[in-house]
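Asks: Handing you this structure, nothing more for now.
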Amino acid sequence: MSDDNHPDLTRNTYQVPLLPGRWFELTWGEALTSTARIGEALQQDKVVKVVGLQSGRHADQLMLQIAQHFSLEDSLELQAGYATSKGHRRNVGEYFMTVYDRDDYRVISPHSEGSSYAGMQMAAFYCERNDTDGGETVLLQVDQDSPQWASLRERKTKALCTRALTPADAAKLKRMFQVDSAYPVTAQDDIVSEHKVTPELTLVHVLTPLCPIYSRLAEKEVFTYWDTVESVDAHSPQAFAETLANLGLLKLPEPGTSLAAFDDAYKRRLTTVAVRYQDLFQGMLVHKLQPGEMILFNNMTWAHAVNNWTPGSGERTVSAAFA
Numbered sequence: 031m032s033d034d035n036h037p038d039l040t041r042n043t044y045q046v047p048l049l050p051g052r053w054f055e056l057t058w059g060e061a062l063t064s065t066a067r068i069g070e071a072l073q074q075d076k077v078v079k080v081v082g083l084q085s086g087r088h089a090d091q092l093m094l095q096i097a098q099h100f101s102l103e104d105s106l107e108l109q110a111g112y113a114t115s116k117g118h119r120r121n122v123g124e125y126f127m128t129v130y131d132r133d134d135y136r137v138i139s140p141h142s143e144g145s146s147y148a149g150m151q152m153a154a155f156y157c158e159r160n161d162t163d164g165g166e167t168v169l170l171q172v173d174q175d176s177p178q179w180a181s182l183r184e185r186k187t188k189a190l191c192t193r194a195l196t197p198a199d200a201a202k203l204k205r206m207f208q209v210d211s212a213y214p215v216t217a218q219d220d221i222v223s224e225h226k227v228t229p230e231l232t233l234v235h236v237l238t239p240l241c242p243i244y245s246r247l248a249e250k251e252v253f254t255y256w257d258t259v260e261s262v263d264a265h266s267p268q269a270f271a272e273t274l275a276n277l278g279l280l281k282l283p284e285p286g287t288s289l290a291a292f293d294d295a296y297k298r299r300l301t302t303v304a305v306r307y308q309d310l311f312q313g314m315l316v317h318k319l320q321p322g323e324m325i326l327f328n329n330m331t332w333a334h335a336v337n338n339w340t341p342g343s344g345e346r347t348v349s350a351a352f353a
């Protein structure tokens, strides 16, 4: 038996098929002259793997090259600057940044970077070192026809104002709190908490139904398993822990370990919708990044995740870029 705190890691509930045919692999030398081919592969929802990069400078160069192909260079620069301004990541090049620091045995559950508000289109990871006994990257391709989308909720911040906002007020809200005043609180929103900023303005944190948004890479509207969706669902870490265990990857500090030991978002999880990975995801890729490798994929149609490793077994130095 399992519960929300102690998953049964012996059962086979969350099987998602492997999709080896979704890789598009080429060397660094080939990539330099293959922008159109890479762009076509991304439009086909493949994951691009480039091998043989010699430095982070090469990763920056290739990321800019592909971002320009999709007219995402402004977004690429914005995300690199945003990481530094918030202080939760550090830039390690022009566009790439550190991934989050983690406590021992923590995994990163599947999610697409950011939120529907930010709408990040493309993600990339570059590896400098990965000699731990784990640390595999897991990519899961979302099923656009899944019935799960109707029950999932996204955490958003909205504004309650006692007067009409001026354009300057609206711009300030957007800049300071990532609040778009064009989307007020509705009857479909479940209010989680409220914070009065001024006598005239209250920020409201809500759980709201998901809506598809436009993907430049897919050239259509898609549903996305944003971080702001995954991180509030209390069932997701159980599903991912069991998925990793089924793959023979999950590292346990001891039998019967609580999910809190694996999950960075444990305290933020507010809902339990019993996510069925086999319904939400149509397939997955599992790969342990090697030094000099870079992967690129559609951030809106693929969720990325990382397995844990035994403390002291080695080091994992991987950087990320988003556009």
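Count along the sequence shown from 1, then add 30; that gives the number in our numbering.
Note that CB positions come from ideal geometry on N, CA and C, so glycine has one too.
Would E230 be called buried (16 or more neighbouring beta carbons within 10 Å of its own) or exposed?
Replies: The residue you call residue 230 lines up with position 200 of the sequence shown. Label assigned to E230: exposed.
Asks: Measuring straight from C-alpha to C-alpha, what distance separates T340 and A271?
Replies: Sequence index remark: in the sequence shown, residue 340 carries index 310 (1-based). Sequence index remark: in the sequence shown, residue 271 carries index 241 (1-based). Going by the C-alpha atoms only, they are around 15 angstroms apart.
Asks: Quick one, which of E124, R346, T331 has its alpha-carbon nearest V77's?
Replies: The sequence position of residue 77 within the sequence shown is 47, counting from 1. For the residues E124, R346, T331, the minimum Cα distance to V77 belongs to T331.
Asks: Looking only at its chain, what residues have a beta carbon closer than 6 angstroms to the beta carbon of F100, apart from the 5 residues adjacent to it on each side?
Replies: Your numbering for residue 100 matches position 70 in the sequence shown. Excluding residues within five positions, the ones whose Cβ falls inside 6 angstroms are R246.
Asks: Would DSSP call R193 helix, strand or coil?
Replies: Position 163 of the sequence shown, counted from the first residue, corresponds to residue 193. Of the three classes helix, strand and coil, the one that applies to R193 here is coil, per DSSP.
Asks: In angstroms with no decimal places, state the Cα-to-Cα distance between W58 and E345.
Replies: On the sequence shown, position 28 is the one that residue 58 refers to. On the sequence shown, position 315 is the one that residue 345 refers to. Computed Cα separation, rounded: 24 angstroms.
Asks: Span of the alpha helix (DSSP H) holding R346?
Replies: Numbered from its first residue, the sequence shown carries residue 346 at position 316. First-last for R346: 346-352, but that is the beta strand (DSSP E), not the alpha helix (DSSP H).
Asks: In the DSSP assignment, the alpha helix (DSSP H) including F270 goes from what residue to what residue?
Replies: Numbered from 1 along the sequence shown, position 240 holds the residue referred to as residue 270. That run of the alpha helix (DSSP H) goes 266-276.
Asks: Compare the C-alpha of G342 against each of Q98, L83, Y135 and name the closest.
Replies: Locating residue 342 in the sequence shown gives position 312, counting from the first residue. Nearest option by C-alpha distance: Y135.
Asks: Which term fits A350, buried or exposed, when burial requires 16 or more other beta carbons within 10 angstroms of its beta carbon?
Replies: Mapped onto the sequence shown, residue 350 falls at position 320. A350 should be labelled buried.
Asks: In three-state DSSP terms, what is L83?
Replies: Position 53 of the sequence shown, counted from the start, is the residue given in the question as residue 83. In the structure shown, L83 sits in coil (DSSP, three-state: anything other than H, G, I, E or B).
Asks: Considering just the uninterrupted stretch of the beta strand (DSSP E) at Q73, what are its terminal residues?
Replies: Sequence index remark: in the sequence shown, residue 73 carries index 43 (1-based). No beta strand (DSSP E) contains Q73, which is instead part of the alpha helix (DSSP H) from 65-73.
Asks: Considering A61, what are the terminal residues of the alpha helix (DSSP H) in which it resides?
Replies: Taking the sequence shown and counting its residues from 1, the one referred to as residue 61 is at position 31. Its alpha helix (DSSP H) spans residues 58-62.
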